[in-house]
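2 protein chains.
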Amino acid sequence: MVGMMKPPEAGALDALALKFRSLELDSEADLQTVLRFVKIREAVSPGENIVDTRSPRRQLTVLLAGVACLHKKLEDDSRQIYTFQYPGDFCDLHRYMLPELDQKATVTALTACSIGTIRHDDLDQLLSQHPKLGLAFWRASMLEASILRERLLNISRRAALPRVASIICEQLARLEAINIKSAVIPITQVDLADAGGLSVVHVNRIVQDLRKLGALSKKTRTIEVASKERLAQLANFDRRYLNMPDLLSDWKIDIEELADS
Amino acid sequence: MVGMMKPPEAGALDALALKFRSLELDSEADLQTVLRFVKIREAVSPGENIVDTRSPRRQLTVLLAGVACLHKKLEDDSRQIYTFQYPGDFCDLHRYMLPELDQKATVTALTACSIGTIRHDDLDQLLSQHPKLGLAFWRASMLEASILRERLLNISRRAALPRVASIICEQLARLEAINIKSAVIPITQVDLADAGGLSVVHVNRIVQDLRKLGALSKKTRTIEVASKERLAQLANFDRRYLNMPDLLSDWKIDIEELADS
DNA sequence: CGTGCTGTTGAGGACGATCAATGACGGTGG
DNA sequence: CCACCGTCATTGATCGTCCTCAACAGCACG
Numbered sequence: 001m002v003g004m005m006k007p008p009e010a011g012a013l014d015a016l017a018l019k020f021r022s023l024e025l026d027s028e029a030d031l032q033t034v035l036r037f038v039k040i041r042e043a044v045s046p047g048e049n050i051v052d053t054r055s056p057r058r059q060l061t062v063l064l065a066g067v068a069c070l071h072k073k074l075e076d077d078s079r080q081i082y083t084f085q086y087p088g089d090f091c092d093l094h095r096y097m098l099p100e101l102d103q104k105a106t107v108t109a110l111t112a113c114s115i116g117t118i119r120h121d122d123l124d125q126l127l128s129q130h131p132k133l134g135l136a137f138w139r140a141s142m143l144e145a146s147i148l149r150e151r152l153l154n155i156s157r158r159a160a161l162p163r164v165a166s167i168i169c170e171q172l173a174r175l176e177a178i179n180i181k182s183a184v185i186p187i188t189q190v191d192l193a194d195a196g197g198l199s200v201v202h203v204n205r206i207v208q209d210l211r212k213l214g215a216l217s218k219k220t221r222t223i224e225v226a227s228k229e230r231l232a233q234l235a236n237f238d239r240r241y242l243n244m245p246d247l248l249s250d251w252k253i254d255i256e257e258l259a260d261s
Numbered sequence: 262m263v264g265m266m267k268p269p270e271a272g273a274l275d276a277l278a279l280k281f282r283s284l285e286l287d288s289e290a291d292l293q294t295v296l297r298f299v300k301i302r303e304a305v306s307p308g309e310n311i312v313d314t315r316s317p318r319r320q321l322t323v324l325l326a327g328v329a330c331l332h333k334k335l336e337d338d339s340r341q342i343y344t345f346q347y348p349g350d351f352c353d354l355h356r357y358m359l360p361e362l363d364q365k366a367t368v369t370a371l372t373a374c375s376i377g378t379i380r381h382d383d384l385d386q387l388l389s390q391h392p393k394l395g396l397a398f399w400r401a402s403m404l405e406a407s408i409l410r411e412r413l414l415n416i417s418r419r420a421a422l423p424r425v426a427s428i429i430c431e432q433l434a435r436l437e438a439i440n441i442k443s444a445v446i447p448i449t450q451v452d453l454a455d456a457g458g459l460s461v462v463h464v465n466r467i468v469q470d471l472r473k474l475g476a477l478s479k480k481t482r483t484i485e486v487a488s489k490e491r492l493a494q495l496a497n498f499d500r501r502y503l504n505m506p507d508l509l510s511d512w513k514i515d516i517e518e519l520a521d522s
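First to last, the sequence lines map onto chains A and B. Start counting the first sequence at 1; every next residue gets the next number (my numbering). Start counting the second sequence at 262; every next residue gets the next number (my numbering).
Laid out in structure tokens, this is it:
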């Protein structure tokens with residue numbers, strides 16, 4: 001009745017725990033306390049809306065599995081994707097802190113997802129009893145802002161090819177950061193277009209260019225990275241804006257090597 | 262020697278106090294405590310760098326008077342302005358929470374400014390002793406993110422005219438929010454171009470169009486709003502993303518009236 | 001076996017960039 | 001006080017990236 005509450009299954013919250021640790025929430029006790037307040041909801045279908053904007057029961061949503069995106073529809077029914085979201089990412093922090101904002105911004109599942117929710121009421125209590133938690137959420141918001149700045153810069157200043165390459169690089173890096181090593185980026189060309197401010201037609205041509213240039217694999221109907229290095233080079237990608245731990249330090253080396261050549 | 266520390270002059274910190282109140286920092290005691298840690302530095306000249314990125318003494322900077330912008334230079338020495346900053350705005354929160362990030366992003370004074378600083382060390386203490394403060398800063402970061410999302414949407418999806426109009430609208434609204442009623446927007450066409458991802462030449466033509474359309478005054482060499490309503494209409498401006506209190510509710514009415522026509 | 005979404009290809013056109021030159025203004029130093 | 005310089009604003013011409021429109025193929029879905 002209270003939204004399919006379930007006993008937390010082993011592993012279901014791993015992504016969230018990983019996220020909090022990357023946000024420097026040091027206290028294991030704080031972490032465990034938060035996790036207890038998470039209600040899990042499995043099986044959100046692709047295309048489905050993750051954040052229920054009409055529900056009176058206000059709650060924070062966190063993605064536990066799958067890929068989603070935060071986006072907004074415009075008057076002319078074009079769509080701007082602000083950010084992609086991966087397991088561990090908070091979907092609607094803004095609705096907690098600034099509920100007046102972004103009425104029309106929604107979060108939609110791109111693949112099959114499962115999500116966790118924390119009631120805003122519970123969050124109020126958690127934050128007042130565990131101040132460190134607030135700092136972690138704050139950090140999460142600043143990371144989101146950093147990603148937005150990078151995207152702004154890309155859309156505003158770079159040509160279509162490096163722009164698309166950058167977006168793919170970001171997704172690859174973020175997937176790796178949560179230990180998903182697959183070279184396949186689970187988003188469509190339509191999504192790339194809506195995220196990069198380009199037409200689908202043009203994105204398609206750019207993707208083909210990237211395939212010819214050896215950055216993406218020749219396999220059609222999917223965005224599969226053939227060479228991370230080549231892609232990063234074409235994108236002029238500097239992943240520092242993602243504030244990632246060292247687990248990806250190989251990227252930096254790659255980039256420096258390319259810079260020399 | 263420690264950065265021209267001064268006794269806080271009457272009124273110098275008003276902008277900051279106003280800001281904290283708008284961020285829902287309710288406790289007057291908390292507010293007064295923070296203000297005591299602010300060191301004031303007057304007379305930053307236009308073009309000067311506000312955030313000293315090389316100083317070993319890490320500190321948070323807040324704008325107290327004047328206009329500044331957060332921006333980044335690219336390889337091809339084009340410049341992207343992320344946000345404009347007004348009295349009360351925090352200039353480099355990101356450098357406190359995620360110091361690895363945005364090494365190359367800098368804050369530059371656009372007009373004569375005065376700034377306040379709080380040492381990171383002091384901030385650590387303040388935050389641990391006044392948890393509410395952290396929530397206020399968090400809110401500030403989310404507001405910044407909201408502004409970035411709106412800008413992203415504008416640059417990505419709108420033509421040059423509404424884009425420029427939107428940026429001007431935003432500046433006007435933000436100035437009004439801090440009780441600066443002047444119709445003159447204190448930024449140059451160059452700044453508009455760098456913020457909107459357009460060439461200066463094109464911005465100039467758009468500005469002239471906006472003048473012909475009655476949105477800006479005919480006065481050359483300055484961006485002076487002739488009709489807020491006309492401008493908001495051309496921009497399709499919905500200021501909710503700025504999360505402003507009711508002091509500007511007249512705007513909303515204006516927009517609704519225009520929507521009917 | 002249609003229907004819909006994604007991907008692909010071609011042709012034409014538009015919006016905005018780039019290049020180039022000039023004027024106006026403010027500040028600086030001789 | 002004036003000559004000089006840099007920044008900002010303005011105008012004209014050309015060019016190119018990317019959009020739009022249009023059509024179709026493949027695949028997944030019911």
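Even glycine gets a Cβ: it sits at the ideal position worked out from N, Cα and C. Predicted model, so just to flag it, every value in this text is computed and none were measured.
For residue i, the three-state DSSP class (helix, strand or coil)
i, result
"residue 169 of chain A", "helix"
"residue 206 of chain A", "helix"
"residue 514 of chain B", "Confidence in residue 514 of chain B is poor, its pLDDT being 47 and thus under 50, which makes the residue's placement unreliable; the coordinate value appears in the next sentence. Three-state DSSP puts residue 514 of chain B in a helix."
"residue 214 of chain A", "coil"
"residue 295 of chain B", "helix"
"residue 241 of chain A", "helix"
"residue 300 of chain B", "strand"
"residue 375 of chain B", "strand"
"residue 487 of chain B", "coil"
"residue 19 of chain A", "helix"
"residue 25 of chain A", "coil"
"residue 324 of chain B", "strand"
"residue 496 of chain B", "helix"
"residue 343 of chain B", "strand"
"residue 70 of chain A", "strand"
"residue 57 of chain A", "coil"
"residue 482 of chain B", "coil"
Between the CA atoms of residue j and residue i - distance to the nearest angstrom
i, j, result
"residue 218 of chain A", "residue 209 of chain A", "10 Å"
"residue 206 of chain A", "residue 152 of chain A", "19 Å"
"residue 505 of chain B", "residue 17 of chain A", "34 Å"
"residue 163 of chain A", "residue 125 of chain A", "42 Å"
"residue 226 of chain A", "residue 167 of chain A", "15 Å"
"residue 193 of chain A", "residue 444 of chain B", "38 Å"
"residue 232 of chain A", "residue 220 of chain A", "21 Å"
"residue 53 of chain A", "residue 180 of chain A", "30 Å"
"residue 35 of chain A", "residue 141 of chain A", "19 Å"
"residue 78 of chain A", "residue 418 of chain B", "8 Å"
"residue 169 of chain A", "residue 175 of chain A", "10 Å"
"residue 230 of chain A", "residue 46 of chain A", "31 Å"
"residue 32 of chain A", "residue 40 of chain A", "15 Å"
"residue 22 of chain A", "residue 341 of chain B", "29 Å"
"residue 461 of chain B", "residue 309 of chain B", "22 Å"
"residue 464 of chain B", "residue 334 of chain B", "19 Å"
"residue 452 of chain B", "residue 272 of chain B", "29 Å"
"residue 389 of chain B", "residue 137 of chain A", "15 Å"
Contact check, residue i vs residue j, beta carbons under 8 Å
i, j, result
"residue 114 of chain A", "residue 43 of chain A", "yes"
"residue 394 of chain B", "residue 139 of chain A", "no"
"residue 149 of chain A", "residue 409 of chain B", "yes"
"residue 326 of chain B", "residue 276 of chain B", "yes"
"residue 51 of chain A", "residue 106 of chain A", "yes"
"residue 369 of chain B", "residue 332 of chain B", "yes"
"residue 234 of chain A", "residue 173 of chain A", "no"
"residue 223 of chain A", "residue 196 of chain A", "no"
"residue 459 of chain B", "residue 421 of chain B", "yes"
"residue 145 of chain A", "residue 405 of chain B", "yes"
"residue 391 of chain B", "residue 291 of chain B", "yes"
"residue 281 of chain B", "residue 383 of chain B", "no"
Quick check: the region 309-323 of chain B against the region 472-482 of chain B, are at least 3 beta-carbon pairs closer than 8 Å? Contact between the region 472-482 of chain B and the region 309-323 of chain B is absent, because fewer than three Cβ pairs lie under 8 Å.
List, from N- to C-terminal side, the alpha helix (DSSP H) runs of 4 residues or more that fit wholly inside the region 394-467 of chain B. Here the runs fully enclosed are 421-438 and 450-457.
Between the region 320-336 of chain B and the region 346-358 of chain B, can you find at least three pairs of beta-carbon atoms closer than 8 Å? The region 346-358 of chain B makes contact with the region 320-336 of chain B, as at least three CB pairs between them are under 8 Å.
Segment contact flag, the region 493-507 of chain B with the region 99-115 of chain A, C-beta cutoff 8 Å, min 3 pairs: Contact holds: three or more Cβ-Cβ distances are below 8 Å.
With three or more C-beta pairs closer than 8 Å as the rule, is the region 81-88 of chain A touching the region 184-202 of chain A? Three or more Cβ pairs drawn from the region 184-202 of chain A and the region 81-88 of chain A lie within less than 8 Å of each other, which places the two stretches in contact.
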